[in-house]
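Since the structure comes first, as structure tokens, the remarks are kept for the end.
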Amino acid sequence: MHRITGKAGGDSLIEMSPTESFNDDVNGYHQHASSSAGSLQQGQSAIDKQQQSKDSVFFRDGLRRIDFVLSYVDDKDGERKQERRKVYEANLVKVGLELETEDKSESEDGKTYFVKIHAPWEVLATYADVLKIKVPFKANDIPDNSEMPMNWLSTPFRLPEHIKHPEPDYFTAPFNKSKSDFFLIDDKDTFFPPSTRNRIVYYILSRCSYFRDECADKDKKGIKRLLNNGTYTAAFPLHDCRYGTRSRDANCESERYNLYKYWARFLCFFKEQPLNLIRKYYGEKIGIYFAWLGFYTEMLLFAAVVGTICFIYGFLTYDDNEWSKEICSEEIGGNIVMCPLCDKKCGYWKLNTTCNSSWQSHLFDNVGTVFFAIFMGIWVTLFLEFWKRRQARLEYEWDLVDFEEEQQQLQLRPEYETKCTNRKLNRITQEMEPYLPITSKCARMCLSGATVLFWISLIIACVIGVIAYRLAVYAAFASIMKDSPTTNLQVVGPYITPQLATSVTASCINFVIIMILNLMYERVAIWITDMEIPKTHLEYENKLTVKMFLFQFVNYYSSCFYVAFFKGKFVGYPGAYNYMFGKWSKLRNEECDPGGCLIELTTQLVIVMTGKQVWGNIQEALVPWLMNWWGSRKARNHPESLYSRWEQDHDLQGFGQLGLFYEYLEMVIQFGFITLFVASFPLAPLLALINNIIEVRVDAWKLTTQFRRPVAAKAHSIGAWEEILSGIAILSVVTNAFIVAFTSDMIPRLVYMYAYQPDMNMKGYINNSLSVLNISAIDLANRPEEGENPSWFNSSITICRYRDYRYPSGHEKEYQHTMQFWHILAAKLAFIIIMEHVVFSVKFFVAWMIPDVPSDVRARVKRERYLVQEYLHNYEVEKLKIQLSLNSNNDCTCTPMIYPSLPHHEVLSECL
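Under our numbering, the first residue of the sequence shown is numbered 297, with each subsequent residue one higher.
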């Protein structure tokens, strides 16, 4: 018999009576009672290490599989912790788990104990029923018509069939312990795969208490709290073998070795990913991340090809760049004197000094860029829509179709169950369940929102501080570097400018600020998410994701937004410049690089994006490897048979609570770079593609070789990241339209060519785009100091030019905007409206045309639901026949509970 202990509701564990004989209707199982009882005694006689190999995933008897391992050490607070462990392990035995302890004398360091946990069939069957885990009941009979024409072309990229499809395709149904003979159970020991076994054990560990029955503190439960207070040092499931060699045990699957051989090595970069094997070994949550990453990388190939073509177009039209020719010309650019770029410390300069940057700007600032910006708006829609279809197929293949409902109803977080002391009746299940009062929920949400806003305001304040730094030091760099020895360098001398020095130092300061705030905000985000007490694991992750991404969005994109939409836009004009905090601050608003703002945005994007990706990959691979190398330096000298499997995994890094979150964050931040600002750098998708090809293998390598095996977890989608990607996709259309209109010179050039040049060419554009200022109009306090002007400047030069469309000195509308300025502004606004409407129309039409769920998947789902009902109906009818035949010689009435199931089946079928 089973009896329920603990609180009512979802937090209860099923206690197995010690007198119970674990027999099923069909599948019997006898518990190894003696081993579980003896496991709590730490004074067991040590086994000679030479007698058997310790590199095993089984108990000492070689039969019972190790599903989970707990480790601990004795310390100064040993008595309290020992008492907690004693009670906790006793409660684990009560719920049916079997334990076996490795004494510290058996461990490599001589001080670590290892508690090995095995879940027998009865426990697995009971909790598989509780968690509604889907298991096979019939082989899939729907023919696979997915063969593609000319499929032989993909042969070099395919994996062996036993790696690609490690398991046959079955129809599945939620496990029901009372109908265990309904399912395809060939071997109870292997029926539940290791990932499902460790998920069930972790479910029990998370809810098992470490207080005695007479103790009033019901909050003391769960392995997470025991890890936090140091009672245990680690809790993890085992890898099934070493990653470099197969296990010597024939009963061990050696899936880790297969993953390393066919997936984690960089030489496999051109091969498809073994997604089904990843899902089987690590669980659906990690499997769906790699499915998304692989799909994203595949889609990047199309964007990279089109972006490269647009870049090549800019390169091939290099010689048709009339405005750059005028800038570089001695007759035109060499005779145009430009006004100083800062007060006092900057002198007058000639336009032809920007010759190099104007040529470079043409590579990205051309008609092809406009086409590419529109293309990317459509590409991102196709990416999201096709991913929904791919995700729907994975949901069916991985038995996740109804998972969200199960997640909400069955997998409450232990913290929610513990902290929510109020109970209310669930109208659906008619059971009492914990809940958080609406007043408490609102107060927590308000405090959480205020905290997030405060931190976002803090990062904005830091960005403003960095901008103020740039304004303050630019003039100083201009003065210092005028006579610097670097100006005499042959190759790099012309590129070491005050603008470069200012940008580099400001970027370094910004990077340090980002790192410090990231470190602090991560802990704050976890704290406020815990404070909100989310109900389910899915809700917890989504809340944390939104909080972290909002902060990271401001953190990573603020500098690009500043360069794209603010820098050089509110400068004023010589003689009436605008200042950041008023004229008293002497911080004159920053102007764009002489080559234009677009090339500066391109430079910023390249540095931030490539630098972040390269550093991220090095850090992801190098840091865990170095820590593992140092931690296992002594144990590596031992023979393989003496370095136990649990010690090998204990020496690896733990895959933390935010392990997968940072992988998603890294890719979504990259996704933002290649969509929000792609109009300034068409090669961004190519760089992202190269990075992601490496990223897939780096992530696979570190997960397979450098981290402990994560607890298997289910997820039917990428969660809140999907909504974030959709938001970025919509925002990218707006940002790219504004970049083309306001950051590039595309619109002013087109307006000049079609409205102000009778010959429909670009001759005279440079002279037309520069306004004239009488030098005498500049205040004496703002004019260049003695010695700041170049040697060619003399008193005969009375005017200077600046980038704007204003009437010249002496005109009746002196320094006011010309009519051409308003024509250009109208053209820019018209371009934004037209581009947004065209792209959004195509986006929504494409989204409407492409169904989220493929038709064959929809048919398979209906077929499976129908078969579940049909087979359950036939199963109950057969049981009824058997019961009637057994009672045919007696006057009996049939069990009333059988009859309702017949019309019940008819109702379900009718609804279907």
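Built from N, CA and C at the ideal position, the CB exists for glycine as well.
For clarity, every value in this text was computed on a predicted model and none was experimentally measured.
Assigned exposure category for residue i - 16 Cβ within 10 Å defines buried
{"i": "tryptophan 926", "result": "exposed"}
{"i": "aspartate 371", "result": "exposed"}
{"i": "glutamine 347", "result": "Because glutamine 347 carries a pLDDT of 45, less than 50, the predicted location of this residue cannot be relied on, and no value is offered for it."}
{"i": "tryptophan 1118", "result": "exposed"}
{"i": "glutamine 337", "result": "Annotation note: pLDDT 39 at glutamine 337 (below 50); position unreliable, coordinate value reported separately. Label assigned to glutamine 337: exposed."}
{"i": "serine 335", "result": "The predicted model places serine 335 with a pLDDT of 40, which falls under 50 and marks its position as unreliable; any figure quoted below should be read in that light. Classification of serine 335: buried, given that the 10 Å Cβ count is 16 or more."}
{"i": "histidine 946", "result": "buried"}
{"i": "cysteine 893", "result": "buried"}
{"i": "glutamate 916", "result": "buried"}
{"i": "leucine 785", "result": "Because the pLDDT at leucine 785 is just 47, under 50, the model does not fix this residue reliably, and the point stays unresolved."}
{"i": "alanine 975", "result": "buried"}
{"i": "threonine 717", "result": "exposed"}
{"i": "valine 788", "result": "Note that valine 788 scores 49 on pLDDT, short of 50, meaning its location in the model is unreliable; the coordinates nonetheless yield the value given after this. Classification of valine 788: exposed, given that the 10 Å Cβ count is below 16."}
{"i": "aspartate 252", "result": "This structure does not reach residue 252, given that the chain is present from 297 up to 1208, and the question cannot be answered."}
{"i": "aspartate 536", "result": "buried"}
{"i": "leucine 1211", "result": "This structure cannot speak to residue 1211, because the chain is shown only from 297 to 1208."}
{"i": "serine 486", "result": "It is threonine, not serine, that sits at residue 486 in the sequence shown. By the 10 Å Cβ count, threonine 486 comes out exposed."}
{"i": "isoleucine 310", "result": "buried"}
{"i": "isoleucine 734", "result": "exposed"}
{"i": "alanine 1025", "result": "buried"}
{"i": "tyrosine 592", "result": "buried"}
Where the beta strand (DSSP E) through residue i begins and ends
{"i": "tyrosine 1171", "result": "Element bounds for tyrosine 1171: not the beta strand (DSSP E) but the alpha helix (DSSP H), 1151–1182."}
{"i": "arginine 1097", "result": "1095–1099"}
{"i": "serine 940", "result": "Taken as a continuous stretch (DSSP letters only), serine 940 belongs to no beta strand (DSSP E), as it is neither H nor E."}
{"i": "arginine 454", "result": "That residue, arginine 454, is in no beta strand (DSSP E); it is neither H nor E in DSSP."}
{"i": "serine 1067", "result": "1066–1070"}
{"i": "glutamate 1110", "result": "No beta strand (DSSP E) holds glutamate 1110; DSSP gives it neither H nor E."}
Nearest residue (CA-CA) to residue i, options the options
{"i": "valine 411", "options": "Met811, Asp405, Asp399, Asn1078", "result": "Asp399"}
{"i": "serine 403", "options": "Asp351, Phe607, Val426", "result": "Asp351"}
{"i": "tyrosine 731", "options": "Glu1160, Ile829, Leu1121", "result": "Ile829"}
{"i": "lysine 831", "options": "Pro870, Lys737, Ala768, Ile805", "result": "Lys737"}
{"i": "arginine 495", "options": "Ala1025, Ile413, Glu1082, Tyr539", "result": "Ile413"}
{"i": "aspartate 405", "options": "Ser940, Met1131, Asn1170", "result": "Ser940"}
{"i": "aspartate 482", "options": "Arg1079, Val601, Pro432", "result": "Pro432"}
{"i": "methionine 741", "options": "Leu840, Trp997, Gln944, Ala469", "result": "Leu840"}
{"i": "glutamate 1081", "options": "Ile1014, Leu815, Lys843, Ala772", "result": "Ala772"}
{"i": "glycine 643", "options": "Glu1084, Arg686, Thr1001", "result": "Glu1084"}
{"i": "phenylalanine 667", "options": "Leu1163, Ser1151, Ile1129, Asn1032", "result": "Asn1032"}
{"i": "leucine 696", "options": "Asp363, Lys1010, Arg361", "result": "Lys1010"}
{"i": "lysine 641", "options": "Ser799, Phe453, Pro794", "result": "Pro794"}
{"i": "tryptophan 751", "options": "Trp683, Phe845, Tyr770, Tyr836", "result": "Phe845"}
{"i": "serine 1151", "options": "Asn806, Phe847, Arg686, Lys1109", "result": "Arg686"}
N- and C-terminal bounds of the alpha helix (DSSP H) containing residue i
{"i": "proline 730", "result": "Where proline 730 is concerned, there is no enclosing alpha helix (DSSP H), although the beta strand (DSSP E) it sits in stretches over 728–730."}
{"i": "proline 978", "result": "Segment: none, proline 978 is in no alpha helix (DSSP H) and carries neither H nor E."}
{"i": "proline 277", "result": "Nothing can be reported for residue 277, as the shown portion of the chain is limited to 297 through 1208."}
{"i": "valine 431", "result": "No alpha helix (DSSP H) contains valine 431, which is instead part of the beta strand (DSSP E) from 430–435."}
{"i": "tyrosine 423", "result": "417–426"}
{"i": "leucine 573", "result": "571–578"}
{"i": "alanine 688", "result": "663–693"}
Per DSSP, the bridge partner or partners of residue i
{"i": "arginine 884", "result": "Tyr875"}
{"i": "methionine 634", "result": "Trp645, Arg1097"}
{"i": "tyrosine 409", "result": "Tyr368"}
{"i": "proline 470", "result": "Lys430"}
{"i": "isoleucine 1043", "result": "Answer by DSSP bridge pairing: none, since isoleucine 1043 is not bridged."}
{"i": "tyrosine 869", "result": "Ala872"}
beta-carbon residue i near the ligand SAM non-hydrogen atom, thresh 6 Å
{"i": "alanine 1009", "result": "Of the ligands one can find in the structure shown there are none, so the ligand SAM has no counterpart to examine."}
(message) Three Cβ pairs or more, each shorter than 8 Å: is that satisfied between the region 1052–1059 and the region 672–679?
(response) no
(message) Across the region 960–980 and the region 554–561, are there enough close Cβ pairs to call them in contact, namely three or more that are closer than 8 Å?
(response) no
(message) Under 8 Å: do the region 1065–1077 and the region 1093–1105 share three or more Cβ pairs, one atom per stretch?
(response) yes
(request) Could you tell me whether the region 1040–1047 touches the region 978–998, where touching means 3 or more Cβ pairs closer than 8 Å? (result) no
(message) With a threshold of 8 Å, are at least 3 pairs of Cβ atoms found where one atom belongs to the region 583–593 and the other to the region 682–693?
(response) yes
(message) Closer than 8 Å is the cut-off here; do at least three beta carbon pairs connect the region 422–433 with the region 496–505?
(response) yes
(message) Can you confirm whether the region 605–620 touches the region 654–669 when touching is taken to mean that 3 or more C-beta pairs between the two stretches lie within less than 8 Å?
(response) yes
(message) So, does the region 564–572 touch the region 628–643, judging by three or more C-beta pairs under 8 Å?
(response) no
(message) Under 8 Å, with one C-beta from each stretch per pair, do the region 1085–1100 and the region 842–860 reach the 3-pair mark?
(response) no
(message) Is it the case that the region 820–829 contacts the region 860–867, given that we only count it when at least three CB pairs across the two stretches are under 8 Å?
(response) no
(request) Spell out a yes or no on whether the region 1013–1021 and the region 957–967 are touching, meaning 3 or more CB-CB pairs, one atom from each, closer than 8 Å. (result) yes
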